[in-house]
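Engineer: Structure incoming, see below.
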Amino acid sequence: MTTGTAAPHTVRLLAGYHALGRRAGLEDHLVQYGAPPATAGAALIQAVEESGLTGRGGGGFPTGRKLRSVAAGRRAAVVVVNAAEGEPASGKDRALLTVAPHLVLDGAVLAAGAVGAREIVVCVHAEPDAGTGKDPQTAVRRDGAATLADTVRRAIAEREAARPAPVPMRVTAVPPRYVASEETALVHWLDAGDARPLFTPPRPFERGVGGRPTLVSNAETYAHIALIARHGPAWFRSCGTPEAPGTALFTVSGVVARPGVVEAPLGTPVGEVLRLAGGPSEPLQAVLAGGYGGTWLPPDLLGLPTTPSAFRAAGLALGPGILVALPERACGVAESARVLAWLAAQTAGQCGPCVHGLPAIAADFAELAACRVSTELYRRLDRRLSVIPGRGACRHPDGAVRFAASALRVFGRHLRVHAHAEGCLLAQWPPVLPIPEEW
Amino acid sequence: MSWRLRVDPIACTAHGLCAELLPEAIDLDEWGYPIIGPVPDRLLPLARRAVADCPTLALLLERDRPR
Numbered sequence: 000m001t002t003g004t005a006a007p008h009t010v011r012l013l014a015g016y017h018a019l020g021r022r023a024g025l026e027d028h029l030v031q032y033g034a035p036p037a038t039a040g041a042a043l044i045q046a047v048e049e050s051g052l053t054g055r056g057g058g059g060f061p062t063g064r065k066l067r068s069v070a071a072g073r074r075a076a077v078v079v080v081n082a083a084e085g086e087p088a089s090g091k092d093r094a095l096l097t098v099a100p101h102l103v104l105d106g107a108v109l110a111a112g113a114v115g116a117r118e119i120v121v122c123v124h125a126e127p128d129a130g131t132g133k134d135p136q137t138a139v140r141r142d143g144a145a146t147l148a149d150t151v152r153r154a155i156a157e158r159e160a161a162r163p164a165p166v167p168m169r170v171t172a173v174p175p176r177y178v179a180s181e182e183t184a185l186v187h188w189l190d191a192g193d194a195r196p197l198f199t200p201p202r203p204f205e206r207g208v209g210g211r212p213t214l215v216s217n218a219e220t221y222a223h224i225a226l227i228a229r230h231g232p233a234w235f236r237s238c239g240t241p242e243a244p245g246t247a248l249f250t251v252s253g254v255v256a257r258p259g260v261v262e263a264p265l266g267t268p269v270g271e272v273l274r275l276a277g278g279p280s281e282p283l284q285a286v287l288a289g290g291y292g293g294t295w296l297p298p299d300l301l302g303l304p305t306t307p308s309a310f311r312a313a314g315l316a317l318g319p320g321i322l323v324a325l326p327e328r329a330c331g332v333a334e335s336a337r338v339l340a341w342l343a344a345q346t347a348g349q350c351g352p353c354v355h356g357l358p359a360i361a362a363d364f365a366e367l368a369a370c371r372v373s374t375e376l377y378r379r380l381d382r383r384l385s386v387i388p389g390r391g392a393c394r395h396p397d398g399a400v401r402f403a404a405s406a407l408r409v410f411g412r413h414l415r416v417h418a419h420a421e422g423c424l425l426a427q428w429p430p431v432l433p434i435p436e437e438w
Numbered sequence: 000m001s002w003r004l005r006v007d008p009i010a011c012t013a014h015g016l017c018a019e020l021l022p023e024a025i026d027l028d029e030w031g032y033p034i035i036g037p038v039p040d041r042l043l044p045l046a047r048r049a050v051a052d053c054p055t056l057a058l059l060l061e062r063d064r065p066r
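So this is what it looks like as structure tokens:
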């Protein structure tokens, strides 16, 4: 993946990469950003609270409040860096850990100091092409390239050689299933080797790994903490909007000139983020925002600012920083049907409404895509979309329903064509939305 | 202080007993899994019975507080 450019003051996490053009070693990192301050716990928590930083994994929960809750636990805490990016259309955490691993690790060490953690665990996805059937912890990629786990381990070794970390750090490769990166699934994986979500409460911040208060945050979130500790909350708020301050990474794919990871202040209009990735390379039909648990945007909403509240006001969900540009020539219904079939297969198999509901919705969408449209089908699908949300242990079924409902809205006009056609002429093109090969 | 019913969806295996015991507040979806509605106070004794009788202990009666 390539990494796009933007005006210098709006590039923070990727500034080192833009300066160097390669992965930053520990020396490079210290030259670019300076040494992390020895900020005392309470002061860092307050700085993060004042910064207004929210989690960059899609949930958007205030990070300062989460730090404070974990710190309030009586037992020694655990810090979990969530880089197990399960979204097929997302590559930002992999990109960040690849080019600036020390920024993420700095943030984890600082957060560990602030919440009184005794251990840091970095969770990455086991590489899909490491599928040798062996232990994912030791599996080697067939192409011989370093896995993300290797990259992070090398960065940890570099730090150990320079100065032993105050808190031990380790890396674990999580099974490559979509819901494995959900925070309770990570806790379950670390405790019992079962990367499936748990029923809540308790949430990890109260009782997580080994029963300890556990801070589970997205890799990018820790990188922002590392910069807030250095430059303070006012600096962090100097870009973005008052309610959604700072920058965020976006993985931009589909029909744009330079697909890849870009960094932009929150509040940057969707179309402007696409422009950072080279802009649309052909006329657009829609843009998928927030990944496969997200929502489709029609082209007339490209001016929408990338903030949770602006999206909410438009009846949409911002979610994690993922944008996929769908060309006019594609069949949005067929694209959505493919994704829904994959999402159904990604169920952890635990909760009835997800186990039965998602395949049912996927089957309904397959009918729509095949131009077998009927009033009865619509009625059934509407009923299913209304009863499934909120009834799983995790939010996976809610996301799939949100995605399906937005497809019905945004591709409504094209669906009317499907209702009167034998087959869809647009479905002849190769699909645009990425689906992992082995599922 | 009001109460609400909640299902542990991992534990629930769609026996459907709860909907039989408390149809006023519990409906089943097309796959047999419960859809929970509000529980008026007058139904609390029946709700407690449904909770106690769930074969997988998946039905919970909780104080209705914003989480």
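For the protein sequence lines, the chains are Z and C, in the order given.
Numbering-wise, numbering that gives the first Met the number 0 puts 320 at position 321 of the first sequence, and it's gapless, one number per residue.
Numbering-wise, numbering that gives the first Met the number 0 puts 7 at position 8 of the second sequence, and it's gapless, one number per residue.
Think of the CB as a built atom: it goes at the ideal place given N, C-alpha and C, for glycine as much as any other residue.
These numbers come from a predicted model, not from an experiment.
Closer than 8 Å is the cut-off here; do at least three beta carbon pairs connect the segment 286-297 of chain Z with the segment 256-265 of chain Z?
Structural biologist: These segments do not touch.
Engineer: Let me make sure I understand the geometry here. Which of Z:L325, Z:T213 and Z:T150 has the alpha-carbon closest to that of L296 of chain Z?
Structural biologist: Considering only alpha carbons, the answer is Z:L325.
Engineer: Can you give the Cα-Cα distance for R211 of chain Z and H187 of chain Z, rounded to whole angstroms?
Structural biologist: So the two alpha carbons sit approximately 13 Å from each other.
Engineer: Pull up the distance between the alpha-carbon of G40 of chain Z and that of A107 of chain Z, whole angstroms please.
Structural biologist: Rounded to whole angstroms, G40 of chain Z to A107 of chain Z spans 13 Å at the Cα level.
Engineer: With which residues is W2 of chain C paired in a DSSP beta bridge?
Structural biologist: Answer is C:R62.
Engineer: Which residues does DSSP list as the beta-bridge partners of F249 of chain Z?
Structural biologist: Answer is Z:V261.
Engineer: Could you confirm whether any beta carbon from chain Z is found closer than 7 Å to the beta carbon of W30 of chain C?
Structural biologist: Output row for W30 of chain C: interface = yes.
Engineer: Thinking T9 of chain Z and P264 of chain Z are a contact (beta carbons under 8 Å), I'd like their distance in whole angstroms, please.
Structural biologist: Yes, they are in contact, since the Cβ atoms of T9 of chain Z and P264 of chain Z sit about 5 Å apart, within 8 Å.
Engineer: Would you say P37 of chain C faces chain Z, with C-beta separation under 7 Å as the test?
Structural biologist: Closer than 7 Å: no.
Engineer: Name, please, each residue of chain C whose Cβ falls closer than 7 Å to the Cβ of G351 of chain Z.
Structural biologist: In chain order: P8, C11, A13, W30 and Y32.
Engineer: Take the Cβ of V47 of chain Z as the centre, count every other Cβ of all protein chains shown within 10 Å, and call the residue buried at 16 or more, exposed below.
Structural biologist: Buried, by the Cβ-count rule.
Engineer: For C122 of chain Z, list the residues DSSP reports as bridge partners.
Structural biologist: Paired residue(s): Z:N81 and Z:T171.
Engineer: State the beta-bridge partners of D26 of chain C as determined by DSSP.
Structural biologist: The partner list for D26 of chain C (beta bridge, DSSP) reads C:I34.
Engineer: Taking only the alpha-carbon atoms, compute the straight-line gap between E281 of chain Z and A313 of chain Z and give it to the nearest angstrom.
Structural biologist: Distance between the alpha carbons of E281 of chain Z and A313 of chain Z: 25 Å.
Engineer: Got a sec: is the Cβ-Cβ distance from G130 of chain Z to anything in chain C below 7 Å?
Structural biologist: Any reading at G130 of chain Z needs caution, since the residue's pLDDT is 45, under 50, leaving its predicted position unreliable; the model's value is listed next. It does not; no Cβ of chain C falls within 7 Å.
Engineer: Can you find a C-beta in chain C that's less than 7 Å from the C-beta of A5 of chain Z?
Structural biologist: Note on A5 of chain Z: pLDDT 45, under 50, position unreliable in the model; the coordinate value appears next. Taking Cβ atoms only, chain C never reaches closer than 7 Å to A5 of chain Z, which makes this a no.
Engineer: Are there 16 or more other CB atoms within 10 angstroms of the CB of E29 of chain C, so buried, or fewer, so exposed?
Structural biologist: It is exposed - the Cβ of E29 of chain C has fewer than 16 other Cβ atoms within 10 Å.
Engineer: Please state the DSSP three-state secondary structure of P203 of chain Z.
Structural biologist: P203 of chain Z falls in the coil class under three-state DSSP.
Engineer: Pull up the DSSP beta-bridge partners for S89 of chain Z, would you.
Structural biologist: In DSSP, S89 of chain Z forms no bridge with anything.
Engineer: Given a cut-off of 7 Å on the beta-carbon distance, is the pair G320 of chain Z and K91 of chain Z in contact?
Structural biologist: Cβ atoms of G320 of chain Z and K91 of chain Z: closer than 7 Å.
Engineer: With DSSP run on the structure shown, which of helix, strand or coil describes Q345 of chain Z?
Structural biologist: If DSSP states are grouped into helix, strand and coil, Q345 of chain Z belongs with coil.
Engineer: For the alpha helix (DSSP H) that S405 of chain Z lies in, which residues bound it at each end?
Structural biologist: Note, S405 of chain Z: alpha helix (DSSP H), H395 to V409.
Engineer: Is DSSP giving T267 of chain Z helix, strand or coil here?
Structural biologist: The answer is coil: DSSP assigns T267 of chain Z none of H, G, I, E or B.
Engineer: From this set, Z:R311, Z:N217 and Z:L275, which residue's C-alpha is nearest E84 of chain Z's C-alpha?
Structural biologist: The option with the nearest alpha carbon to E84 of chain Z is Z:N217.
Engineer: Given this structure, state the Cα-to-Cα distance separating I434 of chain Z from P39 of chain C, to the nearest angstrom.
Structural biologist: Approximately 46 Å, taken between the alpha carbons.
Engineer: Should L4 of chain C and L60 of chain C be called a contact, given that it needs their Cβ atoms to be closer than 7 Å?
Structural biologist: Contact: yes.
Engineer: Counting along the chain, where does the alpha helix (DSSP H) carrying Q440 of chain Z start and finish?
Structural biologist: Any property of residue 440 of chain Z remains undetermined from this structure, which presents chain Z solely from 0 to 438.
Engineer: Give me the residue from C:W2, C:C11 and C:E23 with the minimum Cα distance to L56 of chain C.
Structural biologist: It is C:C11.
Engineer: Based on the DSSP output, what are the partners of S216 of chain Z in its beta bridges?
Structural biologist: Paired residue(s): Z:V80.
Engineer: What residues are listed by DSSP as bridge partners for A18 of chain C?
Structural biologist: Answer by DSSP bridge pairing: none, since A18 of chain C is not bridged.
Engineer: Could you spell out where the beta strand (DSSP E) holding A288 of chain Z opens and where it closes?
Structural biologist: From DSSP, the beta strand (DSSP E) with A288 of chain Z extends over L283 to A288.
Engineer: Give the residues of chain C in contact with V186 of chain Z, contact being defined as C-beta atoms less than 9 Å apart.
Structural biologist: Simply none; closest approach about 14 Å.
Engineer: Answer with yes or no whether the minimum CB distance from A403 of chain Z to chain C is below 7 Å.
Structural biologist: No, because no Cβ of chain C sits closer than 7 Å to the Cβ of A403 of chain Z.
Engineer: Taking D396 of chain Z as the reference, which of Z:S68, Z:G351, Z:R379 and Z:C423 has the closest Cα?
Structural biologist: Residue identity check: residue 396 of chain Z is Pro in the sequence provided, not Asp. The residue with the shortest Cα to Cα distance from P396 of chain Z is Z:G351.
Engineer: Per DSSP, what kind of secondary structure is G239 of chain Z in: helix, strand or coil?
Structural biologist: Correct three-state label for G239 of chain Z: strand.
Engineer: Residues of chain C with a CB under 9 Å from the CB of G450 of chain Z: which are they?
Structural biologist: Nothing about residue 450 of chain Z can be read from this structure; chain Z reaches only from 0 to 438.
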